[in-house]
RNA sequence: GGACGCGUAGCUCAGUGGUAGAGCACUGUGUUGACAUCGCAGGGGUCGCAGGUUCAAUCCCUGCCGCGUCCA
């Protein structure tokens, strides 16, 4: 028996374990068409945050849906070694434990510590993904540092090198002085901060005056190698070529003409520090004679350099700045200091100011690789959903810069390059190969590791066995869809496109679905520092994984971030409870799981109707998946379950099940048919809801019958389902009628317990027949005990069971005719009355009818106005005109009947 | 400065060239069995502002205002 209390915790983990151990996530379907998703690998030592919950819920919805639809669904899973993040965590833990630091213990010992940490915490996130219900292919779980993956990374490095698409170069990089590594452009965040603009007088060497330059970073003047002015700036034409006597270093530096100087900015003259500014480096490249001077060490302290006074050496950049300003001030060379908001680069991991620094690093020629990646999206081999992200992708790809891939870290794939003492470099897959190439000279391996994204870029094929030509690779590359946040389009998606096309000659996936960010209820970005993060595991404990999944699915609308509100989760937990109770009702009434995916034969209108509703919903869900409209999917199944199946279908079949005596029509055949259809329909609800709420549906599926698992059930063949327009019209009419009666009763404060007589006035045959068919339902749901029909003589009155009775007394009491002291309801093409002499408030009833009349008349008049406009009848689509005519006729008739009803009230 | 997105009921969001929708919240009411994690009924919006196109605009176009994100 289904338990009275819905408690998701009582079955969620049990079903997950069952699915996993029984191999349900990856059933053998060698003949089926594959459907492949690769998971964005989470950081191996991380834990599940709400963004993961969204990303993986969406992927699981797709995977489960395609699995139900017969595809060989494979969700490739694994974790990322996350170089910088993991190394930082381990270093912090060492510090907290007061253990020797990374540098103190040395490379090998430190790497061992990281592996230890990975072993200790590496299972957390995968355990959490299981709690969420993610049906991944765990049997083939990968790690970006596992042996096979390392082989792939090394091979890619060597091949790119040999193809001259990867090279070593000395140029300015973004240097993180805290982590002491180079980082890529993408890892730099530009922020606006309060700063100052210091205007400095640079004296001319010939004593003929000075030039004013302004800078946000006075300390860099120690490395100045020239001052630039714009070639067309008349104010300075005469000065070009003159020398400046540097006030602190004493060096003489030239004034040059270069377009980088902006005449509009400050004085129009700008100091040039090639080794510490990207723009200044560009100036140097155009005027190489000016040279460059590096004045900072790896930790951004002033180092000994040409002309740098000894008392500066060792100062931090901040202290050096103060000293430069003080020294200049004492020389009387500070013109003024302007407070100003300035743009500063910060490391996204370390949070410190990034320093442009001149070093040797490895670069990938991204510009070359981007060509194919651009073309593949332009010609539609890969499509972004929503399409708007394609523009972002194009924009970046078209302006892509060389990708710095070396990192001065220890945790990661070590670069396969060896150096000889004479500076020659040998890149090879193994040391032996490098040695063979180098000859009999000692070699030392490059100390650096690769950017984590260098390896993640290989994820779609590295996980499938590449560089070996495995059957998996042939079958599952390219994948069908990548589901990810738009924030890593550049970091990851673009790079997978580049590497996939280069090494596999084919895009890595056909579709890229980009979802938004999960924000807090106020729309703020969640962050640990703000303290507004929500823990998905906590939400799962509180509401169940299904409720969280449904919430995230329902709130996922294309092109919009998600503002997560806990009340929504609560609402969807209630939805789960509703279905639970509906299933419990079914079970208690002998309704069981069906044996066939095809619906049972049905003669009853309600049964034919619900089959049609299942069909319509299945269609809507299929379309939602095709369009990646997750919100539409959740919406459609929610409506079917709650607003159709629970609110109406179950209520309408109650009289048919013979659950109670004397409520009509419960003959055995009808009851049997209804049980069969109800069981089938409930099964379809479970199948259709399963991708979003896998645990609850699997539990109910088994509670309702002994059978194979729902996770491997079959999606309904919607095209083959019958639909019956007549039955739909009947049930729509019935629902409308019941709603009208209920509404009128409530407005006039008729107690629910009062059972009324309903008399139709001048009813049509269709009305009479429907009345007869549905008298049990009307009686039960609208609170009607007796029915009378004016066109058939009062003697044909019936009670709710259809038994005729002598209505003579009732009619006699009204003087032999209907006297109108009643609630009157104008519905469809009939008016009917609920006589309530002395009970109803006639004024209230009049007001109610007048309101309805006003509404009908207003619409009638609006439609008449439109129809009287020749412009409309001549130019509008004929369907629109026809519809307006129909609506106008219906509204006119309704208004007339309402007016008549009012007249009867006197 | 460039690009993109958003502005619809108190809140969070769907939506459509032809009389505005959902969930939550709110109001009233209901409990001798599916469900109070619920039922029934109800109130609530000049669809940011101004123009334009159209027989007809919340929807298409232009401008403006406000908010957000990315890039420089």
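In the working numbering, the protein residues as written are 11 to 916. Yeah, the Cβ is synthetic: ideal placement off N, Cα and C, and Gly gets one too.
Residue i versus residue j - alpha carbon distance
i: residue 150; j: residue 42; result: 19 Å
i: residue 53; j: residue 604; result: 44 Å
i: residue 633; j: residue 308; result: 56 Å
i: residue 469; j: residue 486; result: 12 Å
i: residue 717; j: residue 105; result: 56 Å
i: residue 110; j: residue 56; result: 24 Å
i: residue 424; j: residue 480; result: 26 Å
i: residue 380; j: residue 371; result: 20 Å
i: residue 528; j: residue 574; result: 7 Å
i: residue 914; j: residue 854; result: 15 Å
i: residue 476; j: residue 567; result: 36 Å
i: residue 756; j: residue 83; result: 52 Å
i: residue 637; j: residue 34; result: 27 Å
i: residue 836; j: residue 763; result: 23 Å
i: residue 447; j: residue 192; result: 29 Å
i: residue 571; j: residue 402; result: 17 Å
Inter-residue CB distance, residue i and residue j (contact presumed, cutoff 8 Å)
i: residue 8; j: residue 327; result: There is simply no residue 8 to check, as the chain begins at 11 and stops at 916 in what is shown.
i: residue 684; j: residue 614; result: 6 Å
i: residue 427; j: residue 456; result: 4 Å
i: residue 148; j: residue 87; result: 6 Å
i: residue 795; j: residue 765; result: 4 Å
i: residue 68; j: residue 525; result: 6 Å
Buried versus exposed call for residue i [16 or more other C-beta atoms within 10 Å across all chains shown]
i: residue 284; result: buried
i: residue 130; result: exposed
i: residue 834; result: buried
i: residue 321; result: exposed
i: residue 13; result: exposed
i: residue 123; result: buried
i: residue 759; result: exposed
i: residue 166; result: buried
i: residue 841; result: buried
i: residue 832; result: buried
i: residue 275; result: exposed
i: residue 920; result: This structure cannot settle anything about residue 920, because the visible part of the chain is limited to 11 through 916.
i: residue 341; result: exposed
Same chain, Cβ closer than 7 Å to residue i, neighbours up to 5 away in sequence not counted
i: residue 79; result: 725
i: residue 140; result: 26
i: residue 152; result: 88, 159, 473
i: residue 670; result: Residue confidence for residue 670 is low, a pLDDT of 42 falling below 50, so the modelled location carries little weight; the figure read from the coordinates is stated next. Contacts found: none.
i: residue 823; result: Low confidence applies here, because residue 823 scores a pLDDT of 45, under 50, leaving its location unreliable; read the following figure in that light. Nothing listed; no residue qualifies.
i: residue 175; result: 374, 375, 378, 379
i: residue 400; result: 387, 394
Beta-carbon proximity check, residue i vs residue j, cutoff 8 Å
i: residue 414; j: residue 194; result: yes
i: residue 364; j: residue 584; result: no
i: residue 265; j: residue 236; result: yes
i: residue 85; j: residue 721; result: no
i: residue 202; j: residue 440; result: no
i: residue 466; j: residue 90; result: yes
i: residue 784; j: residue 744; result: yes
i: residue 435; j: residue 178; result: yes
i: residue 252; j: residue 216; result: yes
i: residue 99; j: residue 640; result: no
i: residue 696; j: residue 711; result: yes
i: residue 198; j: residue 357; result: yes
i: residue 508; j: residue 628; result: no
Own chain partners of residue i with C-beta closer than 8 Å, once the 5 adjacent residues on each side are dropped
i: residue 877; result: 883, 891, 894, 895, 898
i: residue 825; result: Here residue 825 scores only 44 on pLDDT, less than 50, and its place in the model should not be relied on; the value that follows carries that caveat. The answer is none, since no qualifying residue turns up.
i: residue 681; result: 666, 667, 668
i: residue 228; result: 208, 210, 331, 334, 335, 338
Beta-carbon proximity list for residue i, same chain, < 6 Å, skipping 5 on both sides
i: residue 859; result: 908, 911, 912
i: residue 345; result: 209, 211, 222
i: residue 601; result: 685, 688, 689
i: residue 146; result: 85, 87
Proximity test, residue i beta-carbon vs the ligand MN heavy atom, cut-off 7 Å
i: residue 235; result: As for the ligand MN, it is missing from this structure, which has no ligand bound.
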